[in-house]
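Going by the numbering used here, the sequence shown opens with residue 7, and the numbers climb by one from there.
The beta carbon of each residue, even a glycine, is placed where N, CA and C say it ideally should be.
Following: one structure in structure tokens, then a few remarks.
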Amino acid sequence: MNRKTLIPGFCVAALLSAGVLAVYADGGFSQAKPFIYDPAKTHLVQGAWLDGIGCPTGAKVALYPSTTPNGTFTAAGCPTGDSSDKTNQGLLLVKTGPGQNNASAGAVLKNVKGITLTDLGYDLRKPGATQNDPRGSHCDNGAARFNVTTSDGFWAVGCNSPPPTVLVSGNGWMRLRWAPVGYKDNVSLSAITGTVVSISIVFDDGQDVGPDNFGVAILDNIDINGVLVGQGKVGESSDSGDRTGDNGQD
Numbered sequence: 007m008n009r010k011t012l013i014p015g016f017c018v019a020a021l022l023s024a025g026v027l028a029v030y031a032d033g034g035f036s037q038a039k040p041f042i043y044d045p046a047k048t049h050l051v052q053g054a055w056l057d058g059i060g061c062p063t064g065a066k067v068a069l070y071p072s073t074t075p076n077g078t079f080t081a082a083g084c085p086t087g088d089s090s091d092k093t094n095q096g097l098l099l100v101k102t103g104p105g106q107n108n109a110s111a112g113a114v115l116k117n118v119k120g121i122t123l124t125d126l127g128y129d130l131r132k133p134g135a136t137q138n139d140p141r142g143s144h145c146d147n148g149a150a151r152f153n154v155t156t157s158d159g160f161w162a163v164g165c166n167s168p169p170p171t172v173l174v175s176g177n178g179w180m181r182l183r184w185a186p187v188g189y190k191d192n193v194s195l196s197a198i199t200g201t202v203v204s205i206s207i208v209f210d211d212g213q214d215v216g217p218d219n220f221g222v223a224i225l226d227n228i229d230i231n232g233v234l235v236g237q238g239k240v241g242e243s244s245d246s247g248d249r250t251g252d253n254g255q256d
């Protein structure tokens, strides 16, 4: 989990999205730990890293009728990825039922305290050329979103608002990257300033929220300042009610 793709600064994120060779380094952002916030124990949310559902980058394939690997496959939406992810993990986030249910799933990003944001983002399992496509993972203004707290305040960066600075799509995956801009206190769009106190990803839209009415998103290659995390412990999720981030209702 320590060795990740490191790109020093957002200006290079566009190069990263185009498939330019990344540099690998240790330290800094190193983990996205799933959490579940479900104080009423409704059992309608889930967040977990799972094998085989992530965005494939150089993944081995056995083309029929072969029973041994005889090729590789890379989705156009993720030309680069977490080099230490050997089982193609993805982060599954689910909210079943209504969005008004006081429950959410997400991930707390570790080892980000004290940094200054230059970019953030993730890869999303979704076909088409825009986040508004009703197929695939849920993506709207609020979920899956980054909740960012810095020394200067609180910002939210939603999947579909503000518009991404980088959008690369293809083969059923979409790479989304944002400059450090978000909605401060959920009101006004402004640059994210100050040093980071905490960052979490929150998914709290249910099946009654369009355009997909699905209540499910699959993420991979979570990006903080060019460092990609695309794995966790297999099946890792927080116990219901274990609030390690926030409740997703901000």
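Considering only residues of the same chain and omitting the five flanking positions on each side of residue i, which have a CB-CB separation below 7 Å?
i, result
"P94", "One point to set straight first is that residue 94 is Asn, not Pro, in the sequence displayed. Result list for N94: D57, G58, G60, P62, A65, in chain order."
"A113", "A38, K39, P40, F41, G53, L97, S206, I207"
"G33", "Reliability fails at G33, whose pLDDT of 48 lies under 50, so the model's placement of it is uncertain and no value is given."
"G103", "L50, G212, Q213"
Within its chain, find whatever has a CB closer than 6 Å to the CB of residue i; leave out the 5 residues flanking it on each side and keep chain order.
i, result
"G334", "Lying before the first or after the last residue shown, residue 334 is absent from the chain, which here runs from 7 to 256."
"N166", "Q137, C145, D146, N147"
I'd like to confirm something about residue i: is its beta-carbon nearer than 7 Å to some heavy atom of the ligand MG, or not?
i, result
"T136", "The ligand MG is absent from the structure shown, which contains no ligands of any kind."
When the Cα atoms are used, what is the spatial distance from residue i to residue j?
i, j, result
"G120", "V203", "6 Å"
"P71", "F79", "17 Å"
"K132", "G212", "17 Å"
"A135", "S36", "30 Å"
"I198", "A68", "45 Å"
"T86", "V172", "14 Å"
"G142", "Y128", "15 Å"
"T124", "V222", "28 Å"
"D146", "Q106", "16 Å"
Who are the Cβ neighbours of residue i in its own chain at under 8 Å, not counting the five residues just before and after it?
i, result
"P168", "W184, V187, G188, Y189, L195"
"A162", "G148, R151, F152, N153, V154, G188, Y189, N192, D256"
"D116", "Asp is not the amino acid found at residue 116; the sequence shown has Lys there. Closer than 8 Å at the Cβ level, and outside the excluded window around K116, lie F35, S36, Q37, A38, K39."
Under 8 Å between the Cβ atoms of residue i and residue j?
i, j, result
"A109", "T48", "yes"
"K101", "D218", "no"
What runs of the beta strand (DSSP E), each 3 residues or longer, lie entirely inside the region 26 to 67? Uninterrupted beta strand (DSSP E) stretches at least 3 residues long and entirely within the region 26 to 67 occur at 29 to 31, 37 to 43, 51 to 56, 65 to 67, given in chain order.
Quick one: complete alpha helix (DSSP H) runs, 4+ long, within the region 69 to 113? The DSSP assignment places no complete run of the alpha helix (DSSP H) inside the region 69 to 113 (cut-off: 4 residues).
Completely contained beta strand (DSSP E) runs for the region 181 to 211, where each covers 3 or more residues: Counting whole runs of 3 or more residues, the region 181 to 211 contains the beta strand (DSSP E) stretches 187 to 190, 194 to 197, 202 to 209.
Quick check for students: name the residue ranges of the beta strand (DSSP E) that lie wholly in the region 119 to 150, counting only runs of 3 or more. Counting only runs of 3 or more, we get 126 to 131.
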